[in-house]
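So the sequence shown is numbered by our numbering: it starts at 4 and just counts up by one. Glycine included, each C-beta is placed from N, C-alpha and C at the ideal position. Quantities reported herein were computed from a predicted structural model and do not represent experimental measurements.
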Amino acid sequence: MPDHWQLRWRPLALWRWRRDGEHRQDQGLRVELEDPHGRRTAGEISPLPERHRSGADPLHGGHLRVLQSQLEHSGFTAGRQQLEHWLRHMACRHPCTAFALGSALWNPDQQRHHYGAGPVDEDDAGGRPHGACPWPTVGVLPCGTPALAALERGLACGWRCWKWKIGALPWREEQPLLAALLAMLAPVDGRLRLDANGRLDAADLPHWLDAATDPHVSWLEQPLAPTDPLLEQLLGSPPIPGVQLALDESITHLDHVEELLRTPPVSRPLLVIKPSQLGDPRRLADLLRVWPGRCVISSSFEGRLGQAVVRDLAWLAALGGSPAPGLGATV
């Protein structure tokens, strides 16, 4: 039996939804760890191309080869220490890889015991407890007029919570569609989350802030680009009555998440967390426990390995009173 840790990786195909509601295929990596006792675990690197930063989480595996060489002659304790050292010092540079390695090191049985989440169905990619559904399904609506037909199909399935991507069309064209969507949701007391993906500008913003006061709008997510000075001004202003703000693309790694939780902006935005893009899921689990109800767990349309971890984290967040997570449901 080898007396060192083994690290391997191989390509992983990922299917994702585009803003227009169609599928696309992206590339990821499956990362496999084997400890000196022969125990094997795995995680996945599944970066979102639109969130990609130069040099971060390269899919050619170069940064993994460096770690692999460091583990080649490490026994159980030394190898584990080397992995933890890598996660502490490299996670901000390679957050998707940190998610994969942290997932592989995270013992699901211990995690569920610690947080009281109950037994898990091995055949359920979601990894949630038997017979439990702590959150309603959150549907994803396509941009523009196709959203109306998608909402109608989802309502027929009993769904009552939706995310709609805005900013694809001029606000004068989208807000009549918003009025129609809200009119469909009102009779069933449904909820709509408006996600701008940072596409709004100073001229658009007042119109969408006004729209976000509707009682059936849960929040306005990432209204401005992370680099827009107006966003900092908006977050530093007192909360707007009836408007809940949320951040997504502004969040790049778990250090930033912890900073926002410790010292939140005056407006106290919700944090929409994509675990597979931000780092070690074990650290995120601790943040969810210390600051309950502040984070919304969201999928990035991961593969099966990533989905299981994201859904476990969504369950932990739900235990702390977080809003229903966005896990990529669509019709």
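Beta-carbon proximity check, Ile254 vs Leu274, cutoff 8 Å: Taking 8 Å as the Cβ cut-off, Ile254 and Leu274 qualify as a contacting pair.
So, under 8 Å CB-CB, Asp6 and Pro39 are touching, yes? Tell me the CB distance rounded to an integer number of Å. Between Asp6 and Pro39, the beta carbon gap of about 5 Å places them in contact (Cβ cut-off 8 Å).
Would you check if there are 3 or more beta carbon pairs closer than 8 Å linking the stretch 195-214 to the stretch 254-268? No, they do not touch.
Who does Ile48 pair with in a DSSP beta bridge? Looking at the DSSP assignment, Ile48 forms a beta bridge with Leu32.
Please name the residue or residues paired with Leu273 in a DSSP beta bridge. DSSP lists Ala249 as partners of Leu273.
Length-filtered (4 minimum) alpha helix (DSSP H) runs lying within the stretch 59-100: Assignment of alpha helix (DSSP H) within the stretch 59-100, counting only whole runs of 4 or more residues, yields 65-74, 79-93 in chain order.
Straight-line CA distance for Pro139 to Trp165? Roughly 10 Å between the two C-alpha positions.
Answer yes or no: do Leu195 and His210 have a C-beta to C-beta separation smaller than 8 Å? Not in contact: Leu195 and His210 (Cβ atoms no closer than 8 Å).
Nearest CA to the CA of Cys99: which residue from Leu290, Val313, Val269? Residue nearest to Cys99 within the set Leu290, Val313, Val269 is Val313 (criterion: CA-CA distance).
Helix, strand or coil at Gly157 according to DSSP, with G and I counted as helix: In the three-state reduction of the DSSP assignment, Gly157 falls in the helix class.
Could you have a look at Asp204 and say whether DSSP puts it in helix, strand or coil? Asp204 falls in the coil class under three-state DSSP.
Tell me whether the beta-carbon of Ala283 lies closer than 8 Å to the beta-carbon of Ala101. Looking at the sequence provided, one finds Asp at residue 283 rather than Ala. The Cβ-Cβ distance between Asp283 and Ala101 falls below 8 Å.
N- and C-terminal bounds of the beta strand (DSSP E) containing Glu176: Note, Glu176: premise wrong, no beta strand (DSSP E); alpha helix (DSSP H) at 174-188.
Between which residues of its own chain and Gln3 is the CB-CB distance below 6 Å, once the five residues before and five after are set aside? Because the chain here runs from 4 to 334, residue 3 falls outside it and cannot be looked at.
Residues near Gly324 by beta carbon distance below 6 Å, same chain, minus five either side: Pro295, Gly296.
Closer than 8 Å by C-beta to Val191: which residues in its own chain qualify, once you throw out the five before and the five after it? Chain order, please. These residues qualify, in order along the chain: Leu158, Arg163.
Pair within 8 Å by beta-carbon distance, Pro328 and Val141: Val141 sits close to Pro328, with the two beta carbons spaced by under 8 Å.
Alpha carbons only, please: which of Asp251, Ala214, Gly239 is nearest the one belonging to Val229? Before going further, note that residue 229 is Pro rather than Val in the sequence given. With distances taken between Cα atoms, Pro229 lies closest to Asp251.
Need the endpoints of the alpha helix (DSSP H) that Trp318 sits in, please. Residues 307-322.
From Pro278 to Glu305, what does the alpha carbon distance come to, in whole angstroms? Pro278 and Glu305: Cα-Cα distance of roughly 10 Å.
Which whole-angstrom value describes the C-beta separation of Arg2 and Ala16, a residue pair presumed to lie in contact below a C-beta threshold of 8 Å? Given a span of 4 to 334 for the chain in the structure shown, any question on residue 2 remains unanswerable.
Whose CA, out of Pro52, Leu184, Gly245, lies closest to the CA of Ala152? It is Leu184.
Might you give, ordered along the chain, the residues of its own chain that have their beta carbon closer than 6 Å to the beta carbon of Glu75, omitting 5 neighbours on each side? Result list for Glu75: His7, in chain order.
What's the C-alpha gap between Pro52 and Trp12? Cα atoms of Pro52 and Trp12: separation of roughly 19 Å, rounded to the nearest angstrom.
State the Cα-Cα distance for the pair Ala317 and Ala182, rounded to the nearest angstrom. The alpha-carbon of Ala317 is positioned some 30 Å away from that of Ala182.
Tell me, please, which residues DSSP counts as bridged to Ser301. Gly329.
Val69 burial status per 10 Å Cβ neighbour count (16 or more: buried): Val69 counts as exposed, since fewer than 16 other C-beta atoms from the protein chains shown sit within 10 angstroms of its C-beta.
Would you check if the distance between the CB atom of Glu47 and the CB atom of Ala103 is smaller than 8 Å? Yes, the pair counts as a contact, with Cβ atoms nearer than the cut-off.
Given this structure, state the Cα-to-Cα distance separating Ala59 from His92, to the nearest angstrom. Ala59 and His92 have their C-alpha atoms roughly 14 Å apart.
Just how far apart, CA to CA, sit Gly309 and Asp231? One C-alpha to the other measures close to 31 Å.
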